[in-house]
Amino acid sequence: MNHAMFDHAFQLKIAPRNSLGSMLLVVVMAASTTLSKAQDTLVISVDVENATLSAPGSIDLQVTGAEGSVRIVTTDTLPDSTAYGTLLTTIDTTGFHAIGLPAFAPIDVGYQQYLEMLEPKLDSLLPGKYQLIVLDEAGNQGSAEVEVGRNLTQSTLQGAVMPNEGSVTKTAGDGWTNMRYSTKNILLDQQDGWIVFNAPDTEGRSAVGLRDESIGSATSYQQMEFAWVLDGDSAATWESGVFAGEKVAFVAGSKFSIEVKKGVVLFALDGKEVRASSPPTFPEAMIADVAIYDTNGKVESLKTDFPAQCTIIPTVGHIKPLFPGSGRIELTVEPNKGDFTYEWADGPSTPERDELGPGTYTVEVHSTYYQTAQIVTFDVGNLIVWENDPYDWTTDPLGLTKLPLGSEGGSEGAMSMNMGTAQEDHYLRYTPQLEGADGNDQVVGWKSRTTGRILASWWLHPLGSEMIAEAVAASGVIARTVVREGDELSIENREGIANFKINQKVIGSGSIASEQGAFGLFVRDRSGKASLNGLRTSLAVPIKINTRMLAATVPYSARTPDEIITVGASGSRLDMDLGYGPLSGDHVLDIPATADSRSCTVLFELDSGRVEHMRIVEGQDTYSVDASLYSVVGVNELVLYDQPESYFEEAIPPFHLDLQDQVLMTPNGDNANDVFRVLGLVGMPQYGLTITDRDANILFQSEDPSSSWNGRFMNTGSAAVDGVYRYEIMLDGVAHNGQFLLKN
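Residue numbers (this note's numbering): 4 to 747.
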């Protein structure tokens, strides 16, 4: 715990609540302290260092007249210990054990632990609006309202100078049209942001506001979309070409602000709202703008949290079942001003990427107009397909958004068809939506499909103005913290250890290595009204293969959420075309022992029939099919789980076999598939062919690409028996190995 000791003065660096929203910072001395409503008796002075594109901001807070030590917490409202105890009893954990969570008593977080969770970081500050309150051991109180903005970056400076950061002084003669100061600090129409400034110590006419970025050459306040216009000792609000509302009086040093928040424009003076407006539309982009009429007129302490850089808007397409190479990323940059270059860590230089497999992709975007470079990272996971889903979902740029239900419901929760095992590395990520949580508990995690237990999950509880997040493993709660608006929560399984992260920082870990069988993605909240954004996962939808009647002559089917694929059976052979199915890796294909499967040979055709992915499984044999783990669900159902590292590569095969379906040789004299012949060679490669039986006995060898094998032993001329044989084709020193089926 960080304490600042002081007798008469101290300095404090205050950390943020979030990037854009407001924060109430309270400093208290002990668990029994209440939030006093007494008049300020402590004197506080504040020095603010704005954030830059590469570094956070900070606040130097100096307090005089304080006694004793202090504790710092961040919260909108701080209850005393008695009120906190009352809030704690409102958290209801009943019913959650029934959905697979470990059994809990009511949540037990002491007041001291609660205060510790609210302690801020002291080393950095994101742009935001902050209300600071200081209490010392004697109960004395002080407060200050502070804005931490971003560095101003000018677009135009004409007829004026900037003697220091945030101050603009006019040098040209009187008039609106001979002075311009515009910034590159920009706000898009779907974003929230604010601009503040102080009235100067000299009377005059000036305006500060937001201007449509598309207006190329603007002068005076009349081209601003929203503005404060100062004239002498009174000010008026300006909106869309007209004055709106009543004039208000001010004095030197008065603080004016304009804030855009969730589609509402708020005009305030000295922290008090003067007017609110809900315009039907906004310009696509607005920049911070200043206009001054009088010579030597000025604007002081200008700040904004608008970023002086473009906004990168991603659209991530996650991978569809059966199509491991179907991932994509499309980047849109706003405003589309100047030129942009894209440098992906894995090579390409375009804003669009397709044919992507599961993974993390990083790009550096350079802007010629802003002279900046931004590095952003995106997850490409697997498309989430729900098996049981009582909720409403829509897609967002990163994943799925859960919409609040209009009425209570969803008590059983949503379970995905995406599955994995504890022996594989996997992740889930999402951002809880705190506003409008409506007292809702929410569980997001992994649930066993075998036992019904939740293996690892985030469990969120509203508590006053905060949201408490518990990291829950099978053994119980392993960590607790406070979740702020915009925080990203994730769970990552690495070698059987579930790591719980907030904004990519690990806060706790628990083992799930002993868990057997498959688990799926699980989402549940008490009333159905809770929301979340950007839900994504590396769990894939498995391929399910029904093996009940392998020797029958009726069709089979492999079921996936996307489509039904017919599997043809002929005699004792089963051919399956799974489209872009499992790729190279370490799949294990194990045919369950049934009366029909004991003596049959099963041919699985994977990856659109490419010869290098042809695999044969005979009878009870287990064969490596490349890239997943396996499990048998029931007696006759095989499930293949794709690993997140698998990806699709389109490759031209180096040869083609003159066999039925590339695997079946039938030397019966009907002139169809009678010989084993290699076709489709490019050029004149160094060549060699060897055919052996399963005991490695050589049946045929040749270095002549035009040669073929007729199905007979080279030394005796006797026919080879029906069965599985192996080949090795050497092309320019590279061995290509495979199997084929011979049936006389």
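Just so it is clear, CB atoms sit at the ideal spot from N, CA and C, and this is done for glycine as well.
- In the structure shown, Gly88 adopts helical secondary structure according to DSSP, grouped into three states.
- C-alpha of Lys746 to C-alpha of Ser709: approximately 23 Å in a straight line.
- Gly741 and Tyr730 have their alpha carbons spaced roughly 6 Å apart.
- In summary, Ile316 is exposed, with fewer than 16 beta-carbon neighbours lying within 10 Å of its beta-carbon over all protein chains present.
- When Cβ pairs closer than 8 Å are counted between the two stretches, the region 262 to 281 is seen not to touch the region 149 to 157, the count staying below three.
- The Cβ atoms of Asp528 and Asp444 lie closer than 8 Å to each other.
- In the three-state reduction of the DSSP assignment, Gln134 falls in the strand class.
- DSSP, reduced to helix, strand and coil, places Leu269 within a strand of the structure shown.
- In the DSSP secondary-structure assignment, Val666 is not bridged to any residue.
- Annotation for Thr172: Ala163, Val164, Pro166, Asn299 and Lys301 place their beta carbon closer than 7 Å to its own, counting only its chain and skipping 5 residues before and after.
- Pairwise C-beta distances place the region 686 to 700 out of contact with the region 661 to 677, as fewer than three of them are shorter than 8 Å.
- For Glu119, the uninterrupted alpha helix (DSSP H) run begins and ends at Tyr114 to Met120, by DSSP.
- Within the same chain, and ignoring the five residues on either side of Leu45 in sequence, the residues whose Cβ sits closer than 8 Å to its Cβ are Val66, Thr67, Gly68, Ala69, Val137, Asp139, Asn143, Gln144 and Gly145.
- The bridge partners DSSP lists for Tyr730 are Ile694 and Gly741.
- Counting along the chain, Asp382 sits inside the beta strand (DSSP E) bounded by residues Thr375 to Val383.
- Residue ranges of uninterrupted beta strand (DSSP E) with 3 or more members, entirely inside the region 41 to 80 and ordered along the chain, are 46 to 52, 61 to 67 and 71 to 77.
- The criterion of a C-beta distance shorter than 8 Å is satisfied by Ile189 and Ala288.
- It is roughly 51 Å from the alpha-carbon of Thr85 to the alpha-carbon of Pro338.
- Gly60 is positioned such that its CB atom lies no closer than 8 Å to that of Glu148.
- Per DSSP, reduced to three states, the secondary structure at Ile102 is helical.
- In the displayed model, Tyr345 falls within a strand according to three-state DSSP.
- By the neighbour-count criterion, in which 16 or more other beta carbons inside 10 Å mark a residue as buried, Asp382 falls on the buried side.
- Around the beta carbon of Ala722, fewer than 16 other beta carbons sit within 10 angstroms, so the residue counts as exposed.
- Residue range Lys508 to Ser514 is occupied by the beta strand (DSSP E) that includes Ser512.
- Counting only the Cα atoms, Glu491 lies some 22 Å from Gly499.
- Counting the other CB atoms within 10 Å of its CB gives Met422 a total of 16 or more, which places it among the buried residues.
- Spanning the alpha carbons of His659 and Val681 requires a straight line of approximately 6 Å.
- Contact check for Val251 and Trp241: beta-carbon distance about 13 Å, past the 8 Å limit, so the pair fails to qualify.
- Per DSSP, the beta bridge partners of Phe503 are Ile494 and Gly511.
- Within its own chain, the residues whose Cβ lies closer than 8 Å to the Cβ of Ala311, once the five positions on either side in sequence are excluded, are Leu56, Arg153, Asn154, Leu155, Thr156, Thr186, Lys187, Asn188, Ile189, Tyr373 and Thr375, listed in chain order.
- A straight line joining the alpha-carbon of Glu168 with that of Tyr433 spans about 38 Å.
- Per DSSP, the beta bridge partners of Ala247 are Thr240.
- Across the structure, Glu122 and Thr484 are spaced so that their CA atoms are roughly 10 Å apart.
- Put simply, of Thr318, Ser217, Gly212 and Ile322 the residue whose alpha carbon is nearest the alpha carbon of Ala271 is Gly212.
- Of the candidates Gly489, Gly720 and Glu427, Gly720 places its Cα closest to the Cα of Leu702.
- A contact between stretches requires three or more CB pairs, one per stretch, nearer than 8 Å, and the region 216 to 227 fails this requirement with the region 341 to 356.
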